[in-house]
Amino acid sequence: MMSSDLFVNLKHNDTSPMSGILYPVSTNGTVSHEVPEPDSIISSLLYLSVSIASMIGNLTMVGVILCKQRFRKPVNLLVANLSFSSFLFIISSNLRLAENSFDVWTYSDSLCKILAILHRIPIPVIALTTMTISLDRGRIARNPMLGSNTTHPVWRIVYIWIFSLIILLPLYFTRAYDPCNSVFHKCKKVVILDNPVLPVLYGCIYLLSIHVIPAVILIQETTKTIDKIKFLKLSGVMQHSPSFPSLPDNRLRLLRNSCIFCLIFLIFWLPYGIFQFPLDLPRELVPEILATYLRLYFKFFKNISYCLIALNPVILFLLSYDLLKHMPIYEQSNNNNGSGRRLCRV
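Next up, the structure:
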């Protein structure tokens, strides 16, 4: 198991009884709380290696789906979008680390506002694409006679990006340029229109739209999917349809994949959004001690999500029957089982 210290560097005082744990530090009679800071991208070889491997893997998935005709099917476009948005997330994370460690570029008020949106946009895209893939695979496997969603995946991808951009536009008004800031990063959070209610209202809308409501929908749909899996296993009878003309295992595989994508969303992206919510608020609205410990737990989930995205190409490859069925070993196994029918394309 990899040590989390390779990804998160927690500052602590020498008098702390345990390394890596936050303790109040007395300075001139005042009590302050050390805030964990991420490792510099340059100082961690493992972090850099994982980032490069992840970017190459995600771009390879996009290239295979778009350039290979046998993989260039509507159902795989969502997978390509997930890989591309994951690639952007890796780029954004590394840029933010560089911004906090080096003078990457000369800031301005407009640049601070635009970067706030660009750095965040991969998150809702990944979350909503993961939800869409889970819903699509579950619904088509539960009701193969109905086929897939009537909306073409290209349009659904466009909707995801447009909605993600719209939901992030208010961030433009929550950032301002601060040339007096002592660190390299010169952007600071400000209260929208000097009204403390607006940041809280926007944070609630963002949390509900990107994390909570999709999670509720996925739980409802996954409950139906699990019931269908139990029914198919107990009955042992598979409905024949043009979408599943051959192996019964194909339908069960899609049902399980739908549950796995739902589990990924609930374990990683739902907690990610919950811990991000208070950190998006201006510092004046969040007590210092609360912000300190929330930042600690948020960095923990963020690093886990980073590892998940780094493994994204491997996960997609293992879950994609569309890719596995073209492997010589799989085709040979299928022929040995005596299946003379053509494999389904799902």
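One rule links them: number in our numbering = place in the sequence shown (from 1) + 1481. Using N, Cα and C, we set each Cβ at its ideal position, and we do this for glycine too.
Residue closest to residue i, alpha-carbon to alpha-carbon, out of the options
| i | options | result |
| --- | --- | --- |
| T1703 | L1682, F1742, I1595 and A1579 | F1742 |
| P1757 | G1684, N1557, C1593 and T1541 | Residue identity differs from the one stated: residue 1757 is Gln in this sequence, not Pro. Nearest of G1684, N1557, C1593 and T1541 to Q1757, Cα basis: G1684. |
| G1754 | P1680, P1605, I1647 and L1649 | P1605 |
| K1594 | L1792, L1715 and P1651 | P1651 |
| P1555 | I1710, R1764 and I1638 | I1638 |
| I1643 | L1679, P1603, T1773 and L1674 | P1603 |
| L1800 | K1549, G1544 and N1557 | N1557 |
| I1850 | A1772, I1707 and Y1653 | Any answer about residue 1850 is impossible in this case: the structure gives the chain only from 1482 up to 1827. |
| N1624 | L1736, L1751, R1551 and S1530 | L1736 |
| V1672 | G1544, L1733, Q1701 and L1762 | L1762 |
Cβ-based burial, residue i [other Cβ within 10 Å; buried from 16]
| i | result |
| --- | --- |
| W1636 | exposed |
| P1794 | buried |
| G1538 | buried |
| M1829 | What the structure shows of the chain is the stretch from 1482 to 1827, and residue 1829 is not part of that stretch, so it cannot be assessed. |
| I1502 | Unreliable positioning characterises I1502 in this predicted model, as indicated by a pLDDT of 32, which lies under 50. The coordinate reading is nonetheless provided below. Per the 10 Å Cβ criterion, exposed. |
| L1649 | buried |
| E1580 | buried |
| L1596 | buried |
| R1553 | exposed |
| A1622 | buried |
| M1483 | Bear in mind that the predicted position of M1483 carries a pLDDT of just 42, short of 50, making it too unreliable to give a figure here. |
| F1568 | buried |
| R1764 | exposed |
| K1740 | The question names Lys, but residue 1740 in the sequence shown is Cys. The residue in question, C1740, is buried, as its Cβ has 16 or more Cβ neighbours within 10 Å. |
Coil, strand or helix - residue i by DSSP
| i | result |
| --- | --- |
| C1661 | coil |
| R1656 | strand |
| K1670 | strand |
| P1763 | coil |
| F1551 | The sequence shown places Arg at residue 1551, rather than the Phe named in the question. Note: R1551 maps to coil in three-state DSSP. |
| T1632 | coil |
| S1589 | coil |
| L1792 | coil |
| P1625 | helix |
| P1848 | Outside the shown range of the chain (1482 to 1827) lies residue 1848, about which nothing can therefore be said. |
| N1676 | coil |
| F1583 | coil |
| I1643 | helix |
Beta carbon of residue i nearer than 8 angstroms to that of residue j
| i | j | result |
| --- | --- | --- |
| L1559 | T1610 | yes |
| L1547 | A1534 | no |
| L1775 | P1759 | yes |
| K1667 | R1656 | no |
| T1680 | L1771 | Looking at the sequence shown, residue 1680 is not Thr but Pro. No, the pair does not count as a contact, with Cβ atoms beyond the cut-off. |
| I1658 | S1589 | Rather than Ile, the amino acid found at residue 1658 in this sequence is Tyr. It is a contact, given that the beta carbons lie within the stated cut-off. |
| S1532 | I1571 | yes |
Residue i at chain D interface by Cβ criterion, 8 angstroms
| i | result |
| --- | --- |
| T1610 | The displayed structure is made up of one protein chain only, and chain D is not part of it. |
*With contact counted as at least three CB pairs below 8 angstroms, one residue from each stretch, are the region 1685-1697 and the region 1746-1756 in contact?*
With three or more CB-CB distances shorter than 8 angstroms, the region 1685-1697 counts as touching the region 1746-1756.
*asked:* Between the region 1609-1625 and the region 1572-1582, can you find at least three pairs of beta-carbon atoms closer than 8 angstroms?
replied: As far as the Cβ criterion goes, the region 1572-1582 does not touch the region 1609-1625, which means the pair count is below three.
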